[in-house]
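Add 11 to a position in the sequence shown, counting from 1, and you land on the number used in my numbering.
Backbone N, C-alpha and C fix where the C-beta goes; we use that ideal spot for every residue, glycine too.
Take a look at the structure set out below.
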Amino acid sequence: MRVDAGTYASMADRIVDWGSRNASRYVCVANVHMVMETVDSADFRRVVNEADLVTSDGVPLVWALHALGIPAAERVYGPTLVLEICARAEQGGIPIALYGGTPDRLAAFTAFLARTYPRLVVAAAIAPPFRPLTPEEDEAHTAELAASGAGITFVGIGCPKQERWMAAHRGRIPSTMVGVGAAFDFHSGTVRQAPPFLQRLGLEWLFRLLMEPRRLWKRYLKHNPRFVVGFAHQLLRERTLSHEASA
């Protein structure tokens with residue numbers, strides 16, 4: 012799976028530039044969960060690899076990039092990236108749209124944005140139902156987002172659903188779509204974020220597991236050990252090939 016190395020500033024600047032031109036693009040905010048979903052599904056791997064940008068949201072991905080010889084790679088954490096983009100969008104007069112969450116949580120996140128970025132225009136806010144949409148519902152949501160004039164659309168319906176949704180709507184919505192997972196919940200205060208020291212240690216997954224054990228235990232049990240083993244194999248292969256090439 013492709014991951015693009017960068018910084019908050021470089022990623023946010025690129026996204027806001029696209030948004031200022033209402034470019035229909037999509038951005039994946041990648042972590043271990045996303046990587047392993049691409050391992051399990053060739054179709055989903057294509058969705059991620061064809062994205063216009065794939066950021067390194069998870070600390071283990073940053074460690075992996077460093078181990079592969081890309082020391083300049085930094086963590087570009089989705090919830091923080093949202094704030095970087097919103098600050099630039101407010102300054103540049105670029106309307107945004109929100110897609111995801113429940114009506115109550117979306118209202119709380121919209122209120123947070125109004126307090127934090129009072130000149131930022133939220134041109135549309137849609138909380139889709141937690142089930143597959145009918146073609147008529149999808150068309151109505153697509154039309155509302157397209158008509159809103161939003162240059163940037165934050166999509167918070169969870170991985171891998173949001174990435175598939177963005178790929179399916181590239182070219183249909185004149186907006187740069189950014190898949191931000193639980194960022195709406197974090198910033199509205201409905202879900203707690205891991206303390207910074209746990210994030211730096213790469214243990215955000217453990218904090219989230221403790222907060223939502225019934226929902227998340229299967230995900231972490233399935234994905235995390237396989238990621239460690241799979242990356243160890245990749246790193247060993249890379250170093251073996253490098254050694255053979257220099258011998």
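CA-to-CA distance, residue j to residue i, given in whole angstroms
| i | j | result |
| --- | --- | --- |
| A178 | P143 | 16 Å |
| D149 | H254 | 52 Å |
| P206 | S257 | 43 Å |
| A161 | L252 | 47 Å |
| D146 | A157 | First, the amino acid is wrong: residue 146 is Pro here, not Asp. If I take the Cα positions, the gap works out to 16 Å. |
| Q173 | Y110 | 10 Å |
| G241 | R250 | 14 Å |
| T49 | N235 | 14 Å |
| A78 | D115 | 42 Å |
| D51 | F238 | 12 Å |
| A108 | I137 | 8 Å |
| H152 | M222 | 32 Å |
| G112 | H180 | 18 Å |
| E101 | P139 | 25 Å |
| E215 | D63 | 26 Å |
| R248 | V43 | 20 Å |
| A154 | H244 | 46 Å |
| K233 | M47 | 9 Å |
| G103 | D28 | 10 Å |
| A118 | L217 | 28 Å |
| R211 | T201 | 22 Å |
| P171 | M188 | 14 Å |
| N33 | A135 | 15 Å |
| R184 | G192 | The sequence as given places Ile at residue 184; Arg does not occur at that position. Cα-Cα distance, rounded: 19 Å. |
| R225 | R203 | 16 Å |
Short Cβ contact (8 Å threshold) for residue i with residue j
| i | j | result |
| --- | --- | --- |
| G182 | S67 | no |
| F120 | S199 | yes |
Minimum C-alpha distance to residue i - residue among the options
| i | options | result |
| --- | --- | --- |
| F165 | A194, H44 and P140 | A194 |
| L246 | L220, G200 and A75 | A75 |
| V93 | L124, G104, I81 and A16 | L124 |
| P90 | F141, R248, V40 and V46 | V40 |
| G30 | I105, Y19 and H198 | I105 |
| W176 | R219, V14, R32 and V38 | V38 |
| V65 | H244, A84, S52 and K233 | A84 |
| S159 | T127, C170 and S186 | S186 |
| V14 | G69, D28, D196 and T201 | G69 |
| M45 | Q102, R230 and A154 | R230 |
| A122 | G103, D196 and P224 | D196 |
| R99 | T201, T127 and D54 | T127 |
| D54 | M12, N33 and Q204 | M12 |
Expected contact under 8 Å - CB spacing of residue i and residue j to nearest Å
| i | j | result |
| --- | --- | --- |
| I163 | I26 | 7 Å |
| G213 | P71 | 5 Å |
| I81 | A16 | 5 Å |
| L220 | L227 | 5 Å |
| T18 | V87 | 7 Å |
Short CB-CB distance (under 8 Å) between residue i and chain D
| i | result |
| --- | --- |
| M22 | Among the chains in the structure shown there is no chain D, since it carries only a single protein chain. |
The region 45–60 contacting the region 128–141, beta-carbon criterion three pairs below 8 Å: Because the criterion of three Cβ pairs below 8 Å is not met, the region 45–60 and the region 128–141 do not touch.
At least three beta-carbon pairs within less than 8 Å, the region 95–108 to the region 14–28: The answer is yes - the region 14–28 touches the region 95–108, with three or more Cβ pairs under 8 Å.
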